[in-house]
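> Below is a structure I'd like to ask you about.
In the UniProt record's numbering, the protein residues as written are 1 to 57.
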């Protein structure tokens with residue numbers, strides 16, 4: 001799998017999790033465990049993306 005494909009997949013996952021987090025925060029509240037779970041997952045995906053991009057430079 002190429003770096004571009006991995007980056008694209010990570011970007012898609014980030015977009016999906018971000019949308020889920022926003023909807024969950026709006027419906028269940030920002031401190032809801034589900035919202036926090038999505039936030040933590042989003043943090044991990046963003047960190048993975050940063051590591052990937054750093055390894056390419």
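By construction, the Cβ of each residue, glycine as well, lies at the ideal position given by its N, Cα and C atoms.
Everything numeric in this text was worked out from a predicted model, so none of it was measured.
(1) Please state whether DSSP places residue 55 in a helix, a strand or coil.
(2) Return the Cβ separation of residue 24 and residue 34 in integer angstroms, given the expectation that the two are a contact with Cβ distance under 8 Å.
(3) In angstroms with no decimal places, state the Cα-to-Cα distance between residue 5 and residue 16.
(4) What would DSSP say about residue 2, mapped onto helix, strand or coil?
(5) In angstroms with no decimal places, state the Cα-to-Cα distance between residue 29 and residue 38.
Straight from the coordinates:
(1) If DSSP states are grouped into helix, strand and coil, residue 55 belongs with the helices.
(2) That pair is a contact at about 5 Å.
(3) Going by C-alpha positions, residue 5 is about 17 Å away from residue 16.
(4) Coil at residue 2, not helix or strand.
(5) Using only the alpha carbons, I get a separation of about 12 Å.
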